[in-house]
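Participant: Structure provided below as structure tokens; questions to follow.
Residue numbers (the working numbering): 200 to 306.
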């Protein structure tokens, strides 16, 4: 909402096109910063989940090396399920951190 108000305020007939363009561009800086913050936070989340899944894959490969085929697939599936469930449980915390950083929901 703030971006649109800022951009709207840029359109003044007394301003030159370049001034209007620069003004609107400056209005977009907070939006671009917020977008970058969300992208960075989601990249961290994805990296954390990927590391968990790599651990599952490593355990599966170790079981294959030890020739413990019985249950290796089931253990892999179970490990992946736990990793995904753990990641899902982290999402509300990621959202809360983003809301706090972006001051969303504050009065």
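Idealized CB from N, CA, C, for every residue including glycine.
Enumerate in chain order the residues of its own chain whose CB-to-CB distance from residue 229 is below 8 Å, with the five nearest sequence positions on each side excluded.
Facilitator: Walking along the chain shown from the start, residue 229 turns up at place 30. The residues are 201 and 202.
Participant: Report the rounded CA-to-CA distance for residue 205 versus residue 283, giving the unit in angstroms.
Facilitator: The residue you call residue 205 lines up with position 6 of the chain shown. The residue you call residue 283 lines up with position 84 of the chain shown. Going by the C-alpha atoms only, they are around 41 Å apart.
Participant: Using CA atoms only, rank isn't needed, just tell me which of 241, 287, 252 and 303 is closest to residue 276.
Facilitator: The residue given as residue 276 occupies position 77 in the chain shown. Per the Cα distances, 252.
Participant: Go to residue 244, then tell me how far its alpha helix (DSSP H) extends in each direction, as first and last residue.
Facilitator: As a working mapping, residue 244 is identified with position 45 in the chain shown. That run of the alpha helix (DSSP H) goes 216-264.
Participant: Check this for me: beta carbons of residue 293 and residue 216, under 7 Å apart or not?
Facilitator: The residue given as residue 293 occupies position 94 in the chain shown. The residue given as residue 216 occupies position 17 in the chain shown. Against a cut-off of 7 Å, the Cβ pair of residue 216 and residue 293 comes out as no contact.
Participant: Roughly how many angstroms lie between the CA atoms of residue 260 and residue 285, to the nearest whole one?
Facilitator: Against the chain shown, residue 260 aligns to sequence position 61. Against the chain shown, residue 285 aligns to sequence position 86. Roughly 22 Å separates the two Cα atoms.
Participant: Excluding the 5 residues preceding and the 5 following residue 320 in the sequence, name in chain order all residues of the same chain whose CB lies nearer than 6 Å to its CB.
Facilitator: Limits of the chain in this structure are 200 at one end and 306 at the other, which puts residue 320 out of reach.
Participant: Under 7 Å, do residue 233 and residue 301 count as touching if we go by C-beta distance?
Facilitator: By one-based count along the chain shown, residue 233 stands at place 34. By one-based count along the chain shown, residue 301 stands at place 102. Yes, the pair counts as a contact, with Cβ atoms nearer than the cut-off.
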